[in-house]
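J.:
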Amino acid sequence: MSSDTASQDSRPYDIILYGATSFVGQLTAAYLHQFLSQANKDNADSVRWAIAGRNQDKLTQVKDQVGDSNLPILIADSEDSPSLDALASKSRVIISTVGPYLKYGEPLIKACVDNGTDYVDLTGEAIFIKAMLDKYQSAAQASGARIVNSCGFDSLPSDLGVLFTQNYAQQTLNAPCHTIHMRVKAAKGGLSGGTFASMATILEEVGTNKAARKLLANPYVLNDDPKRPNVRQNSVKVPEWDAQNKRWLAPFIMESINTRVVHRSNQLRGYEYGRDFKYDEAMWMPSGLKGRLLSYGLVAGMAGFAAGMIFKPTRDLINDKLLPQSGEGPNKQERDEGYFDIRFFGEGSHGKQVLTKVTGDKDPGYGSTCQMLSQSALCLLQDISKQEITGGFWTPASSMGERLIERLQAHAGITFEVL
């Protein structure tokens with residue numbers, strides 16, 4: 073199908089939110105309504121949007137919760153390819169909150185690629201992105217569909233935080249940092265049933281698939297450059313003592329996706345961070361015995377959860393008895409009281425250093441993620457032309473970069489600061 077500007081402009085919708093009945097989908101719908109109600113008043117070219125999913129009754133409930141009696145509802149199902157094809161043909165951008173993406177994500181990606189429709193999601197599943205990239209990259213380049221994964225807490229703060237840090241290093245050191253250490257200084261937030269379902273799907277896949285384990289272990293798994301770097305990357309897998317900052321370090325659960333996205337951004341931006349660039353992530357814990365015990369306890373808990381999710385009997389028990397169910401998540405007060413503060417320690421030549429931070433004023437996985445996802449879609453729609461960024465699989469930093477940073481600071485409660 074044609075994806076030229078005229079055919080794009082003639083589509084009835086600018087944005088369709090698919091998966092609007094999921095927990096994060098409902099939050100995204102509420103945020104889009106609130107933001108666009110004001111933005112459309114101030115702009116003659118109002119954004120036309122709709123919600124979509126497979127259940128009419130549940131979508132009507134979301135529409136009622138949003139409070140927009142004119143909000144269109146569209147029906148489509150991940151198991152019904154023609155319905156997804158019809159959906160993609162109606163919109164310039166699709167937002168997908170339907171996970172786990174390994175189970176449900178491919179049909180919508182294919183529909184968007186076939187129709188030259190831009191697409192954003194919040195997947196943290198590197199194996200899924202790799203599979204889609206390998207399968208649909210050429211077709212997306214041909215159709216003009218711009219596919220941008222990982223536009224939520226994984227991996228926007230990391231991806232854009234590294235870009236912000238490197239831009240500052242270029243300004244002050246006249247060269248990029250050869251190494252950046254990201255540290256989660258503080259964060260408060262909950263996880264939904266959908267997030268746990270995605271984590272469980274990944275753990276099940278790597279537990280039963282040796283090839284998937286090997287892929288996930290490769291820091292350059294998302295780099296499709298035949299001459300991609302092969303620099304050994306540091307990875308905090310067990311508690312470590314951070315002598316410089318006098319804190320214990322523990323593994324960060326999102327490191328396995330965030331670092332991969334950052335390295336792909338480096339490739340897509342022409343290796344402006346350098347071909348020998350090193351990047352790692354970890355969580356700051358307290359100093360002293362308390363920090364050490366917390367670090368080892370966290371590692372033990374993560375290992376136990378991972379082991380339990382590999383085997384079906386324990387996986388079923390954990391899913392049924394311990395984890396929140398799909399559609400469940402932190403309440404509004406918990407989301408509003410959440411926050412995150414992450415730091416980037418950049419190392420340049422001759423021992424020169426830069427320090428930056430990225431903060432958010434809401435629960436990172438939900439309060440902030442729904443805003444990041446929405447602004448990513450709007451940025452791709454309004455700020456980045458098809459001529460500037462053409463079809464293919466992109467990362468947030470490589471496709472929207474500095475303009476998305478500006479949007480997030482203006483409209484999503486995210487700050488980027490030099491320290």
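When you read off a place in the sequence shown, starting at 1, and then add 72, the result is the number in this note's numbering.
Built from N, CA and C at the ideal position, the CB exists for glycine as well.
#1: Once the 5 residues before and after aspartate 140 are set aside, which same chain residues still bring their CB inside 7 angstroms of it?
#2: Alpha carbon to alpha carbon, what distance is there between arginine 341 and arginine 255?
#3: The beta strand (DSSP E) with serine 163 in it runs from where to where?
#4: What runs of the beta strand (DSSP E), each 3 residues or longer, lie entirely inside the stretch 261 to 347?
#5: Identify whether serine 227 lies in helix, strand or coil by the three-state DSSP scheme.
#6: Once you ignore the five residues that flank serine 421 on each side, which residues in its own chain have a CB closer than 8 angstroms to its CB?
#7: Helix, strand or coil for arginine 479, going by three-state DSSP, please let me know.
#8: Cutting at 7 angstroms between CB atoms, please list the residues of its own chain near glycine 363, excluding the five before and the five after it.
#9: Mapping DSSP to helix, strand and coil, what is alanine 78?
#10: Tell me which residues share the same chain as alanine 122 and place their Cβ nearer than 6 angstroms to its Cβ, disregarding the 5 neighbours each side in the sequence.
#11: Could you give the first and the last residue of the continuous beta strand (DSSP E) run that contains threonine 195?
#12: State the DSSP-derived secondary structure class of leucine 491, mapped to helix, strand or coil.
#13: Roughly how many angstroms lie between the CA atoms of leucine 294 and methionine 472, to the nearest whole one?
#14: Under the three-state reduction of DSSP, which class applies to lysine 458: helix, strand or coil?
#15: In angstroms, rounded to a whole number, what distance separates the CA positions of tyrosine 169 and proline 402?
#16: Any idea what DSSP makes of methionine 73, helix, strand or coil?
#17: So aspartate 408 and threonine 431 are supposed to be a Cβ contact under 8 angstroms. How far apart are they, rounded?
#18: In angstroms with no decimal places, state the Cα-to-Cα distance between threonine 428 and glutamine 128.
#19: Pull up the distance between the alpha-carbon of glutamate 178 and that of threonine 386, whole angstroms please.
#20: Can you check DSSP and say which residues form a bridge with glycine 418?
#21: Per DSSP, what kind of secondary structure is phenylalanine 349 in: helix, strand or coil?
#22: I need the boundaries of the beta strand (DSSP E) containing arginine 126, first residue and last residue.
#23: What three-state label does DSSP hand methionine 472 in the structure shown?
#24: Of all the options Glu344, His253, Asp226, which has the alpha carbon lying nearest to the alpha carbon of glutamine 425?
#25: Closest to glycine 91 by CA distance: which of Asn112, Gly188, Val192, Ser109 is it?
#26: Can you pull the DSSP bridge partners for threonine 431?
#27: Any chance the stretch 228 to 237 sits against the stretch 291 to 305, with 3 or more Cβ pairs inside 8 angstroms?
#28: Given that a residue counts as buried once 16 or more other Cβ atoms are within 10 Å of its Cβ, and exposed if not, what is threonine 280?
#29: Give me the residue from Val310, Lys182, Tyr343 with the minimum Cα distance to leucine 366.
#30: For a quick check, are the C-beta atoms of glutamate 327 and serine 307 less than 9 angstroms apart?
#31: For isoleucine 147, list the residues DSSP reports as bridge partners.
#32: Inspect the CB distances between the stretch 430 to 444 and the stretch 269 to 277 and report whether three or more fall short of 8 angstroms.
#33: Pick helix, strand or coil for isoleucine 88, following the three-state DSSP scheme.
#34: Judging by CA-CA distance, which residue of Ile166, Arg475, Thr195, Ser150 is the nearest neighbour of tyrosine 176?
#35: I think glycine 380 touches aspartate 433, with their Cβ atoms under 8 angstroms apart; what is that distance to the nearest whole Å?
T.: Taking the coordinates as given:
#1: Only His105 meet the Cβ criterion.
#2: Distance between the alpha carbons of arginine 255 and arginine 341: 24 angstroms.
#3: Here the beta strand (DSSP E) through serine 163 covers 163 to 168.
#4: Whole beta strand (DSSP E) segments, 3+ residues: 312 to 314, 319 to 322.
#5: Under the three-state reduction of DSSP output, serine 227 falls in the strand class.
#6: Result list for serine 421: Leu245, Ala247, His250, in chain order.
#7: It is helical.
#8: So the list reads Arg319, Trp320, Met357, once near-sequence residues are dropped.
#9: No answer about alanine 78 holds up, because its pLDDT of 45 lies below 50 and its placement is not dependable.
#10: Taken in chain order, the residues that qualify are Tyr85, Ile88, Pro144, Leu146.
#11: Segment: none, threonine 195 is in no beta strand (DSSP E) and carries neither H nor E.
#12: Leucine 491 falls in the coil class under three-state DSSP.
#13: Going by the C-alpha atoms only, they are around 18 angstroms apart.
#14: In the three-state DSSP reduction, lysine 458 falls in the coil class, being neither helix nor strand.
#15: Note that residue 169 is threonine in the sequence shown here, rather than tyrosine. Rounded to the nearest whole angstrom, the C-alpha separation of threonine 169 and proline 402 is 17 angstroms.
#16: Note that methionine 73 scores 39 on pLDDT, short of 50, meaning its location in the model is unreliable; the coordinates nonetheless yield the value given after this. DSSP places methionine 73 in coil when its eight states are reduced to three.
#17: In fact, because the Cβ distance is near 15 angstroms, the residues do not count as touching under 8 angstroms.
#18: The alpha-carbon separation between threonine 428 and glutamine 128 amounts to approximately 46 angstroms.
#19: Counting only the Cα atoms, threonine 386 lies some 28 angstroms from glutamate 178.
#20: BP columns for glycine 418 point to Ile252, Val426.
#21: DSSP places phenylalanine 349 in coil when its eight states are reduced to three.
#22: No beta strand (DSSP E) contains arginine 126, which DSSP labels as neither H nor E.
#23: DSSP places methionine 472 in coil when its eight states are reduced to three.
#24: For glutamine 425, the closest C-alpha among the options Glu344, His253, Asp226 is that of His253.
#25: Checking every option, the nearest Cα to that of glycine 91 belongs to Val192.
#26: DSSP lists Asp413, Thr487 as partners of threonine 431.
#27: With the cut-off at 8 angstroms, the stretch 228 to 237 and the stretch 291 to 305 do not touch.
#28: By the neighbour-count rule (16 or more Cβ atoms within 10 Å), threonine 280 is not buried but exposed.
#29: Answer by Cα proximity: Val310.
#30: The Cβ-Cβ distance between glutamate 327 and serine 307 falls below 9 angstroms.
#31: In the DSSP output, where bridge partners are listed per residue, isoleucine 147 has Gly125.
#32: The stretch 269 to 277 and the stretch 430 to 444 do not touch, with fewer than three beta-carbon pairs separated by less than 8 angstroms.
#33: If DSSP states are grouped into helix, strand and coil, isoleucine 88 belongs with the strands.
#34: Closest option to tyrosine 176, Cα to Cα, is Ser150.
#35: That belief does not hold up - the Cβ atoms of glycine 380 and aspartate 433 are roughly 34 angstroms apart, past 8 angstroms.
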